[in-house]
Amino acid sequence: MDGIYQRSLDGDITRDDALSLIESNPFQLFEVADRLRKEIVGDEVTFVVNRNIDITDQCMIKCAFCSFRNSIGYEMTIEEILESVREAKDAGATEICIFGGVMPHMDVDYYSEIIGSIKRNFDIELHALSPVEIYHTARASEMSTFDTLKSLKKAGLDTLTGASAEILVDQVRDQICPDKVKTEQWINIIKEAHKLGIPTTSTIMYGTVETWSDRIDHLLILRDIQRETGGFTELVPMTFLNENNMAGSRSAGVSGMEDLMLHALARVILGRDIPNIQASWIKIGTRMAQVALCCGANDLGGTMMEDKISIAAGASHGEYLPLMEMNKIIKAIGRIPVQRTTTYGRV
Ligand code: SF4
245 MDGIYQRSLD
255 GDITRDDALS
265 LIESNPFQLF
275 EVADRLRKEI
285 VGDEVTFVVN
295 RNIDITDQCM
305 IKCAFCSFRN
315 SIGYEMTIEE
325 ILESVREAKD
335 AGATEICIFG
345 GVMPHMDVDY
355 YSEIIGSIKR
365 NFDIELHALS
375 PVEIYHTARA
385 SEMSTFDTLK
395 SLKKAGLDTL
405 TGASAEILVD
415 QVRDQICPDK
425 VKTEQWINII
435 KEAHKLGIPT
445 TSTIMYGTVE
455 TWSDRIDHLL
465 ILRDIQRETG
475 GFTELVPMTF
485 LNENNMAGSR
495 SAGVSGMEDL
505 MLHALARVIL
515 GRDIPNIQAS
525 WIKIGTRMAQ
535 VALCCGANDL
545 GGTMMEDKIS
555 IAAGASHGEY
565 LPLMEMNKII
575 KAIGRIPVQR
585 TTTYGRV
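Numbered continuously in the numbering used here, the sequence shown closes out at residue 591.
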């Protein structure tokens with residue numbers, strides 16, 4: 245594994261290297277990923293105090309893996325959204341994440357009003373939307389995606405989420421989210437955001453119908469984008485949760501071992517290019533997140549306060565991890581907790 249370790253640090257991991265790692269002893273993969281983590285980012289484990297606000301569960305896109313969409317669902321008013329932000333501020337949050345479904349009336353004015361109202365009333369980082377929302381907002385507003393991003397930035401959008409990436413292989417997307425942006429559209433919108441100085445996260449949603457080879461292609465695409473733009477703040481691996489969705493009849497999701505292999509492989513492939521790899525406690529649970537932090541990951545994500553999307557899909561690890569709990573979980577594995585901002589500054 246010494247060759248892999250050095251090639252990862254040098255940014256030279258190839259597709260064949262990655263495929264061979266999947267065939268090798270997983271414990272050797274975990275060991276090399278943990279060594280890389282230590283060399284690249286040290287022993288600190290970061291987290292952000294934040295709140296998710298899922299503004300609506302109505303959505304016209306109908307992804308097969310989605311358990312959240314509800315055609316007779318809710319849509320929050322601006323007052324309700326501001327109240328949720330106020331509660332988050334009172335709990336010490338530095339970041340608000342806005343998520344939700346996509347509907348035809350959601351144009352630039354719709355989102356600008358939400359974003360502008362939050363930013364006028366609160367000093368808080370706004371991490372919101374993703375390429376799929378940007379694509380449909382642009383269509384609803386008869387604007388280009390570039391101009392849409394520019395307008396939302398002007399309204400106060402700080403960072404864009406890298407959600408809606410799922411697996412960036414169109415044959416996979418055709419099966420699990422045929423109506424969502426295609427691979428090339430996702431890449432273009434992300435690059436436009438980075439060009440406008442809007443950092444984004446990157447994500448991978450794995451465990452439906454894709455193969456290891458698809459996952460590797462996805463991670464290599466993210467690495468290529470990062471080498472071009474430098475706009476990704478982190479990778480957020482999201483394991484597929486199979487309750488209450490159509491894809492659940494085709495896949496039960498992956499084993500814990502595969503969750504760990506995905507985090508470790510991401511560390512090896514992304515190396516110094518995307519140095520922050522998140523272990524999402526809400527998806528894999530706090531105990532598994534502790535192990536993932538010993539297999540290449542270095543971030544424990546957010547305190548959340550609520551996550552209707554994961555709960556709808558069967559996540560059973562709670563919705564809120566207060567700051568003290570975050571500290572405890574990290575210290576229990578002998579690492580150093582550090583509260584961060586959305587873009588990995590220190591609070
Ligand atoms: S995953 Fe998002 S875009 Fe897809 S159906 Fe669910 S809410 Fe809509």
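All C-beta atoms in this analysis are idealised placements derived from N, C-alpha and C, irrespective of residue type, glycine included.
Per DSSP, the continuous alpha helix (DSSP H) segment holding Gln250 begins and ends at 246 to 253. Taking 8 Å as the upper bound for CB-CB distance, Thr477 and Thr447 are not in contact here, some 11 Å apart. Minimum Cα-Cα distance from Trp525 among the listed residues Ala557, Pro481, Glu369 corresponds to Pro481. DSSP places His380 in the uninterrupted alpha helix (DSSP H) bounded by 375 to 385. Contact between Ile266 and Gly515 is absent: CB atoms are separated by about 17 Å, not below the 8 Å threshold. DSSP places Gln583 inside the beta strand (DSSP E), whose first and last residues are 580 to 583. For Met532, the uninterrupted alpha helix (DSSP H) run begins and ends at 530 to 536, by DSSP. Distance from the CA of Ala541 to the CA of Phe309, rounded to the nearest whole angstrom, comes to 25 Å. Of the candidates Ile580, Arg584, Asp246, Arg584 places its Cα closest to the Cα of Gly545. For ligand 1, residues qualifying as neighbours are Cys303, Ile305, Cys307, Cys310, Arg313, Gly345, where qualification means a beta carbon closer than 5 Å to at least one of its heavy atoms (chain order).
Per DSSP, Ser361 is one residue of the alpha helix (DSSP H) stretching across 352 to 365. In this structure, Leu464 lies away from Leu479, with their beta-carbon atoms at least 9 Å apart. Relative to the Cα of Thr586, the nearest Cα in the group Ser385, Arg259, Asn296, Gly497 belongs to Asn296. Taking Val453 as the centre and dropping the five residues before and after it, the same chain places the C-beta of Val416, Gln419, Ile420, Ala491, Arg494, Ser495 closer than 8 Å to its C-beta, in chain order.
When C-beta atoms of the region 333 to 345 are compared with those of the region 276 to 294, three or more pairs fall below 8 Å, so the two segments count as touching. The alpha-carbon separation between Tyr355 and Thr405 amounts to approximately 15 Å. Residue range 500 to 514 is occupied by the alpha helix (DSSP H) that includes His507.
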